[in-house]
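Below is one structure; the comments refer to it alone.
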Amino acid sequence: MTTVAEPRRFRRIAVFGGVYANAHALAATLDDVGRRDVDAVFCLGDLGGFGPHPDRVFPLLRDGRVRAIQGNYDAAIALGHDDCGCGYTDPRDNHYARLSYAYTVARTSSEHRRWMGALPAHRRLRLGDAEALLCHGSPRAIAEFLWESTTPDGLVARLLDDARAQVILCTHSGIKWHRRLADGRHLVNVGVIGRPENDGTPRVWYTLLTMDRGSHGELDVEFVPVHYDHETLAGEMEAEALPPEFVETVRTGWWTTCLEVLPGRERARGRF
Amino acid sequence: MDTPASAGRLTPAPPATVAFRHLTALWVQITGTFCNLQCVHCINASGPREPWLAPLAADTARRYIAEAAALGVKEIYFTGGEPFLHAEILDLLAFSLERAPTTVLTNGTLIDDAMADALAALAAGARYSLEIRVSLDDPDAERNDAIRGPGAFRRALAAITRLDARGMLPILTATEIDGRGAAPGEDRYGRLRALLLEAGVRKPRVKMLPVFPVGRMAGQGGGVVTAEMLAGADPARLQCTESRAVATGGVYVCPILSGFPQARMAGATLAETLVPNRLDHPACRVCWETGSSCRNA
């Protein structure tokens, strides 16, 4: 497992996860980030899956100087796995997952596959005086889901201890949240920009993290909504014959598939 | 003298030993093997008469839950027997929910309106998720009750709809038990999901589990897991690399083997039991081959 350490200290960074081949949301996110006076932009992985034309996100990441780590989907595509490895019980979910995976594999160039294969598993950086660890699922497992309602404080403290960090940034679950422990350490799930977060609106979210000299060592976490041309994305998905259930999610903001991984509390907030 | 099973074979490969990774789940076998049902496939042969394993003292449960939380556990599960037969179950759930997300595995028969109200209030006031998993094995009432006992289907479904009406989203949990009239290759998951939708449950949740050769199913298949099988595979497939179970008698290697003397781990504290273990029970092979988790997801 590789970890890349950033040599310089940052004041403000922008971080997002789960691009899911949504080039429209990625372009809108980078556009918004460009107006926010950030030192660097990070992506916590899962570049493909779900959306159309997976190769379109790579030039945007390159031009935006986005520093990425590897998600479980990127690892599966790069290593040529048979499927995304989600292992759903619902045959319907497996059907959609297979369709989407086969589509993404067939349309990801070998150059981009190699690039994803070379991405580090983790990055470490200094945000002000705080040491931050960037991972995909959790520091201990690339495909571990960290949901707000099922991640106890004791686990957050343990993950921070093991990572020797004051801040952990993760994604993978698709819904953003932030926990500040009583001792001032943080875990932030930065959310995803490729798919709305099951809240009934088509917008997506990225995260700004700031450690100003004036903030007395207190990390400022701001979740930023991004509105993008989701109707154009939906039209492209239809033209590519991607599952109508996925298109519905893009248009409505409600998750329609792969719901069994959601804990009760998060599931209760959605429509399905 | 050779028995027929060993004649002509080389010495069988010994069971593998796996390292412990991290404590994800603590299972609390709160009522031992005391249950008001007596299902034909029960993994620990629970029942109403003369349970072979006594209920766990509430203070012991609290001590292990607190230790698990301090060790960074992710989830606590209450099981049995039937957990709602424990006199202090609501207090214990409240204690657990202050520390970690908590799930109860139940047959649903004791969840009347008052209990459903109490659970919904507990869930609404808790910091972390409270999940209720209600066991029901077959979408056909008659076939289900042949496995779980007369009236089990109706009462389990009633519990699910009571909890659902209070916004709890219970998880129907079924085993893949065969040979009782189920058509081979049938989509049991799909049929259970349809059953829930038909009962008015708008966000159906179904969890499938394999049948393990232990308890009332002892001797029916399975086998040890050898080092050769483990080579190059993901140890996360095995729950004993990330779970422990506490029951009367101490800490046990996993929820499936909880309470069985041969599965007991040495050590007075939970921390002392987070050490490598041998995959030497027939149930280990089922866990390994199916890669299925007793956890919710």
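Protein sequences, first through last, are from chains A and B.
So the first sequence is residues 1 to 272, counted in the working numbering.
So the second sequence is residues 1001 to 1297, counted in the working numbering.
Heads up, the beta-carbon is just placed ideally off N, CA and C, and yes, glycines get one too.
Paired residues, beta bridge with residue i - DSSP
i, result
"Ala1245 of chain B", "B:Trp1027, B:Tyr1252"
"Val15 of chain A", "A:Phe42, A:Thr207"
"Gly1047 of chain B", "B:Phe1034"
"Ser1135 of chain B", "B:Thr1173"
"Asp220 of chain A", "A:Thr210"
"Pro202 of chain A", "Pro202 of chain A pairs with nothing; no bridge assigned."
"Phe994 of chain B", "Residue coverage of chain B in this structure runs from 1001 to 1297, which leaves residue 994 of chain B outside it and unanswerable."
"Met237 of chain A", "Looking at the DSSP assignment, Met237 of chain A forms no beta bridge with any residue, so it has no partner."
"His186 of chain A", "A:Val167, A:Arg180"
"Thr1017 of chain B", "B:Arg1278"
"His112 of chain A", "BP columns for His112 of chain A are empty, so no partner."
"Thr3 of chain A", "A:His122"
"Leu1130 of chain B", "B:Thr1102"
"Pro225 of chain A", "A:Trp205"
"Val192 of chain A", "A:Gly17"
Collapsed DSSP secondary structure at residue i in the structure displayed
i, result
"Asn1144 of chain B", "helix"
"Ala1124 of chain B", "helix"
"Pro263 of chain A", "coil"
"Pro1204 of chain B", "coil"
"Val1040 of chain B", "coil"
"His230 of chain A", "helix"
"Phe10 of chain A", "strand"
"His1022 of chain B", "coil"
"Ala1118 of chain B", "helix"
"Leu947 of chain B", "Residue 947 of chain B is absent from the model: chain B starts at 1001 and stops at 1297."
"Glu248 of chain A", "helix"
"His122 of chain A", "strand"
"Glu131 of chain A", "strand"
"Pro1083 of chain B", "helix"
"Pro1261 of chain B", "helix"
"Val156 of chain A", "helix"
"Arg269 of chain A", "helix"
"Val1073 of chain B", "coil"
"Pro1004 of chain B", "Unreliable positioning characterises Pro1004 of chain B in this predicted model, as indicated by a pLDDT of 44, which lies under 50. The coordinate reading is nonetheless provided below. Coil."
Nearest-angstrom Cα separation, counted from residue j out to residue i
i, j, result
"Ala1263 of chain B", "Ser1292 of chain B", "19 Å"
"Leu219 of chain A", "Thr210 of chain A", "6 Å"
"Val1201 of chain B", "Arg271 of chain A", "12 Å"
"Ala1019 of chain B", "Pro263 of chain A", "28 Å"
"Leu30 of chain A", "Pro1170 of chain B", "41 Å"
"Thr1173 of chain B", "Pro1255 of chain B", "15 Å"
"Asp82 of chain A", "Ala76 of chain A", "8 Å"
"Arg1295 of chain B", "Ala1025 of chain B", "8 Å"
"Arg1137 of chain B", "Ala1118 of chain B", "It is worth fixing the name first, because residue 1137 of chain B is Asp in this sequence and not Arg. Approximately 26 Å between the Cα atoms of the pair."
"Pro52 of chain A", "Ala68 of chain A", "20 Å"
"Ile175 of chain A", "Asp1164 of chain B", "23 Å"
"Leu259 of chain A", "Ala1124 of chain B", "21 Å"
"Asp1091 of chain B", "Glu1098 of chain B", "11 Å"
"Val1104 of chain B", "Ala1266 of chain B", "26 Å"
"Ala28 of chain A", "Arg1143 of chain B", "55 Å"
"Arg8 of chain A", "Arg65 of chain A", "16 Å"
"Thr249 of chain A", "Pro139 of chain A", "29 Å"
"Leu125 of chain A", "Arg180 of chain A", "19 Å"
"Leu1053 of chain B", "Gly1249 of chain B", "9 Å"
"Arg213 of chain A", "Pro59 of chain A", "35 Å"
"Thr1017 of chain B", "Ile1147 of chain B", "35 Å"
"Asp63 of chain A", "Val57 of chain A", "10 Å"
"Ala165 of chain A", "Gly184 of chain A", "12 Å"
"Ala1245 of chain B", "Pro1139 of chain B", "30 Å"
"Gly1072 of chain B", "Leu1023 of chain B", "7 Å"
"Leu1056 of chain B", "Arg1049 of chain B", "17 Å"
"Phe1095 of chain B", "Arg1062 of chain B", "7 Å"
"Asp129 of chain A", "Gly217 of chain A", "7 Å"
"Cys1287 of chain B", "Arg1237 of chain B", "8 Å"
"Phe17 of chain A", "Val33 of chain A", "A small fix is needed here, since residue 17 of chain A is Gly in this sequence, not Phe. For Gly17 of chain A and Val33 of chain A, the distance between alpha carbons rounds to 14 Å."
query: Below 8 Å, can you find three or more Cβ-Cβ pairs linking the stretch 1214 to 1233 of chain B to the stretch 1187 to 1200 of chain B?
result: no
Continuous beta strand (DSSP E) assignments of at least 3 residues falling wholly in the stretch 13 to 93 of chain A
40 to 43, 66 to 68
Should the stretch 89 to 96 of chain A be regarded as contacting the stretch 242 to 258 of chain A, the criterion being three or more beta carbon pairs within less than 8 Å? yes
### Task
Evaluate contact between the stretch 154 to 165 of chain A and the stretch 190 to 206 of chain A, counting only Cβ atoms and requiring at least three cross-stretch pairs below 8 Å.
no
request  = Kindly provide the ranges of any alpha helix (DSSP H) runs that are 4 or more residues long and lie completely inside the stretch 1206 to 1234 of chain B, ordered along the chain.
outcome  = 1227 to 1230
- Query: Okay, do the stretch 180 to 190 of chain A and the stretch 159 to 171 of chain A touch, 3+ Cβ pairs below 8 Å being the bar?
  - Reply: yes
Would you check if there are 3 or more beta carbon pairs closer than 8 Å linking the stretch 35 to 52 of chain A to the stretch 125 to 139 of chain A? yes
Per the contact definition of three or more C-beta pairs closer than 8 Å, is the stretch 1210 to 1225 of chain B in contact with the stretch 1036 to 1048 of chain B?
yes
Checklist entry - Within the chosen definition, does the stretch 1072 to 1091 of chain B reach the stretch 1028 to 1035 of chain B through at least 3 CB pairs nearer than 8 Å? => result yes
Would you call the stretch 5 to 21 of chain A and the stretch 34 to 41 of chain A in contact, with 3 or more CB pairs under 8 Å?
-> yes
Evaluate contact between the stretch 1143 to 1154 of chain B and the stretch 1044 to 1059 of chain B, counting only Cβ atoms and requiring at least three cross-stretch pairs below 8 Å. no
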